[in-house]
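Undergrad: My questions all concern the structure below.
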DNA sequence: TTTGGTATTTTGCAATAGTAAAATGCCAAA
DNA sequence: TTTGGCATTTTACTATTGCAAAATACCAAA
């Protein structure tokens, strides 16, 4: 039983899950529970557990099944070892598109040849790109890339959109605070402020920041706001993954994040909404100032 | 050369195009121009023209090629004759899903059997549904439907989202008025107010109204706002297609639409934005009142 | 009942070839 | 140059079959 992509992906997620939960040694890992949680059947879960066991990260219970053992945190390796081909290919296509190496219109065969993909891999990629909204099918043959966040204009557009929906989402009538995830994000931001920010990688920083904003908007319980922000973030990620973030600005944003979460945790929603507005508009201004003088693909102030 | 789906679709679009342009008899239809406009190659355009010619709606020029003839409006038939199988199937699946006849999780085979589809048809359908955001792939096998606008809650959510973005879009700095489409929409709305509303079908009414709102938001030139509204509208269409609209309320909305466009055409953007806000919130209230007493799937006030 | 073990069924990807349809390149005429 | 006619190339859908992997059903033990 070789690890299929799904199996190693699941192993990674289970390890991550355990790192977050941090259960005491000897806790039983119930196959059905995990299967339900990760929305797959027991088969791949079982194989993933097997895999983690052979890596010495899980023990076996006397009566069968796997249990956690007392694993020092260091030995929950970032299971990135198996570089997910799909993800890499996805980013590569995005970069090629941003660099204008890919024409606006492409056929499936072209892509398949160019990136040496099987039909299935290509189908998966196109599905993903489609659902993220930067490609569409032409009526006849082939696909057309949609304009992405290539220009500063589009960039500013994305911030004005967020400036509209994020403060409004906090004032939604159905807004209910999810304390746990917010407190987790707050801690993360505090650690960044306390110095981690100077060592963490740009993509990781980007992810932490967008995770915080998404955690907040999810409290609105309005899926239109939630989806709206997530769609913007996925596009922004493609743009910002290639930039290195200027930590001198980023740290200011992180401080603001902490303050923002504190307002929310104190149930001061109106103040939080106002603060969000101010937070986003200052990021926006910064971006413009920052990109005005330098090349579009230069250093980004950014974060959020 | 039988008409393929693409060809009959193009014939329909070309007829519609001509009805809108209303060129004088004898105007030459340039294949390459049409091909570019509809983003296909010349082949299917040529076949579509051929088709329209055999239906007696186009003449031939002395030196080859097709020209328009003096066709009374009545004889530009709504080319709906060939019921697009894909579209019908799409609506059927949406309805089945809304009626809870389809489980939350389905496999491709299940769908293929249930609706008697070929692999390709199914792939096309899934792609479309995916891009509209109400289905997603599971990590293993199969697909999961996402919660749609099934509840009144979600319904109200969609209006609050619009209430946030639509008035804001009018105030976007990049806002530039597209007079032609707006004036066309205004005329359409005026005709509705003048009595057409009592005879036009519910889906047609829905389309006219959403077209107006989309025409307005497109002036913002901010693709995040534009996309946001379009996504909401696609979902709303699925819900509202099954409802018959109460014309006594709808006509009020149409009058407001005329007024709204007039404000825009007079360049009173601030007033237009305020008016939009009031317009949307009254629709929203109406919806709630209307659905509160009756069944969810009863008569909708609606329109916008 | 809950759980893991095992066997069985089902799924959907891969590879292939054939084919209709769409895209494209070239040419001649206006 | 613009345009339509025509021929050719390319694309992507269809329909196979085989197979690995995922889902599922059933059973026994705790």
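Protein chains in written order, with the working numbering: chain A, 4 to 307; chain B, 4 to 307. Virtual Cβ for every residue (Gly too), placed ideally from N, Cα, C. All values reported here derive from a predicted model rather than from experimental measurement.
Terminal residues of the continuous alpha helix (DSSP H) containing residue 12 of chain B?
TA: Start and end: 8-24.
Undergrad: Per DSSP, what kind of secondary structure is residue 84 of chain B in: helix, strand or coil?
TA: Here residue 84 of chain B scores only 46 on pLDDT, less than 50, and its place in the model should not be relied on; the value that follows carries that caveat. Helix, per DSSP.
Undergrad: Are the CB atoms of residue 196 of chain A and residue 258 of chain A within a distance shorter than 8 Å?
TA: Yes, they are a contact pair.
Undergrad: Where are the beta strand (DSSP E) runs, 3 residues long or more, that stay fully inside the stretch 116-149 of chain B, in chain order?
TA: Listed in chain order, they are 138-140, 146-148.
Undergrad: Can you list, in chain order, the residues of the stretch 37-61 of chain A whose Cβ is nearer than 7 Å to any Cβ on chain B?
TA: Cβ contacts with chain B: 41, 42, 43, 44, 47.
Undergrad: Candidates B:277, B:96, B:26: which alpha carbon is nearest residue 104 of chain B's?
TA: Ranking B:277, B:96, B:26 by Cα distance to residue 104 of chain B puts B:96 first.
Undergrad: Exposed or buried, which one is residue 57 of chain B when buried takes at least 16 other CB atoms within 10 Å?
TA: Residue 57 of chain B should be labelled exposed.
Undergrad: So which of A:212, A:60, A:166 has the shortest CA-CA distance to residue 279 of chain A?
TA: For residue 279 of chain A, the nearest C-alpha among the options comes from A:166.
Undergrad: Between which two residues does the alpha helix (DSSP H) carrying residue 231 of chain A extend?
TA: First-last of the alpha helix (DSSP H) with residue 231 of chain A: 226-243.
Undergrad: Just to confirm the assignment, what range does the alpha helix (DSSP H) spanning residue 69 of chain A have?
TA: Here residue 69 of chain A belongs to no alpha helix (DSSP H); instead the beta strand (DSSP E) covers 69-71.
Undergrad: Along the chain, where does the beta strand (DSSP E) that runs through residue 61 of chain A open and close?
TA: That run of the beta strand (DSSP E) goes 61-63.
Undergrad: Under 9 Å between beta-carbons, which chain A residues line up against residue 235 of chain B? List them in chain order, please.
TA: Those are 227, listed as they occur along chain A.
Undergrad: Using a Cβ-Cβ cut-off of 8 Å, state whether residue 7 of chain A counts as contacting chain B.
TA: Not one chain B Cβ lies under 8 Å of residue 7 of chain A.
Undergrad: Is the shortest distance between the beta-carbon of residue 168 of chain B and the beta-carbons of chain A less than 8 Å?
TA: Yes - at least one Cβ of chain A is within 8 Å of the one on residue 168 of chain B.
Undergrad: When you compare the CB positions of residue 51 of chain A and residue 10 of chain A, do they come within less than 8 Å of one another, or not?
TA: Yes.
Undergrad: With a CB to CB cut of under 6 Å and the five nearest residues on each side skipped, what residues in its chain are close to residue 26 of chain B?
TA: These residues qualify, in order along the chain: 71.
Undergrad: Ordered along the chain, which non-local residues of its own chain (more than five positions away) have a Cβ less than 7 Å from that of residue 237 of chain A?
TA: 135.
Undergrad: Cβ of residue 160 of chain A within 8 Å of Cβ of residue 88 of chain B?
TA: Result no, Cβ atoms of residue 160 of chain A and residue 88 of chain B do not sit closer than 8 Å.
Undergrad: So the alpha helix (DSSP H) residue 202 of chain B belongs to, where does it begin and stop?
TA: Element bounds for residue 202 of chain B: n/a, residue is neither H nor E.
Undergrad: Whole angstroms are fine: how far does the CA of residue 142 of chain B sit from the CA of residue 31 of chain A?
TA: Distance between the alpha carbons of residue 31 of chain A and residue 142 of chain B is about 24 Å.
Undergrad: Would you say residue 148 of chain B faces chain A, with C-beta separation under 8 Å as the test?
TA: Answer no: the Cβ-Cβ gap between residue 148 of chain B and chain A never drops below 8 Å.
Undergrad: If you follow the alpha helix (DSSP H) that residue 50 of chain A is in, where does it begin and where does it stop?
TA: Residue 50 of chain A -> alpha helix (DSSP H) spans 45-57.
Undergrad: In whole angstroms, give me the CA-to-CA distance for residue 275 of chain B and residue 172 of chain B.
TA: Roughly 11 Å between the two C-alpha positions.
Undergrad: Take the Cβ of residue 212 of chain A as the centre, count every other Cβ of all protein chains shown within 10 Å, and call the residue buried at 16 or more, exposed below.
TA: Buried, because 16 or more other Cβ atoms sit within 10 Å of the Cβ of residue 212 of chain A.
Undergrad: Please confirm if residue 230 of chain B has its CB atom under 8 Å from at least one CB of chain A.
TA: By this cut-off, residue 230 of chain B is an interface position.
Undergrad: Quick one: using the 10 Å Cβ neighbour count with 16 as the cut-off for buried, is residue 146 of chain A buried or exposed?
TA: Under this definition residue 146 of chain A is a buried residue.
Undergrad: Is it the case that the Cβ atoms of residue 55 of chain B and residue 28 of chain B are separated by a distance below 8 Å?
TA: The answer is no: Cβ separation not under 8 Å.
Undergrad: On the three-state DSSP scale, how would you describe residue 261 of chain B?
TA: DSSP places residue 261 of chain B in helix when its eight states are reduced to three.
Undergrad: From residue 63 of chain B to residue 7 of chain B, what distance separates their C-alpha atoms?
TA: So the two alpha carbons sit approximately 22 Å from each other.
Undergrad: Would you please verify whether the beta carbon of residue 136 of chain A is less than 8 Å from any beta carbon of chain B?
TA: Residue 136 of chain A counts as touching chain B.
Undergrad: Where do the N-terminal and C-terminal ends of the alpha helix (DSSP H) with residue 347 of chain B fall, by residue?
TA: Because chain B here runs from 4 to 307, residue 347 of chain B falls outside it and cannot be looked at.
Undergrad: Would you kindly work out how many angstroms separate the C-alpha atoms of residue 215 of chain A and residue 272 of chain B, rounded to a whole number?
TA: Near 35 Å, if we compare the C-alpha coordinates of residue 272 of chain B and residue 215 of chain A.
Undergrad: Closest to residue 208 of chain A by C-alpha separation, out of A:191, A:148, A:187, A:162, would be which residue?
TA: For the residues A:191, A:148, A:187, A:162, the minimum Cα distance to residue 208 of chain A belongs to A:191.
Undergrad: Considering just the uninterrupted stretch of the alpha helix (DSSP H) at residue 269 of chain A, what are its terminal residues?
TA: Looking at the DSSP string, residue 269 of chain A is not in any alpha helix (DSSP H), and its letter there is neither H nor E.
Undergrad: Roughly how many angstroms lie between the CA atoms of residue 138 of chain B and residue 227 of chain A, to the nearest whole one?
TA: Each residue's alpha carbon lies about 15 Å from the other.
Undergrad: Tell me whether residue 250 of chain A sits in a helix, a strand or coil according to DSSP, three-state version.
TA: Correct three-state label for residue 250 of chain A: helix.
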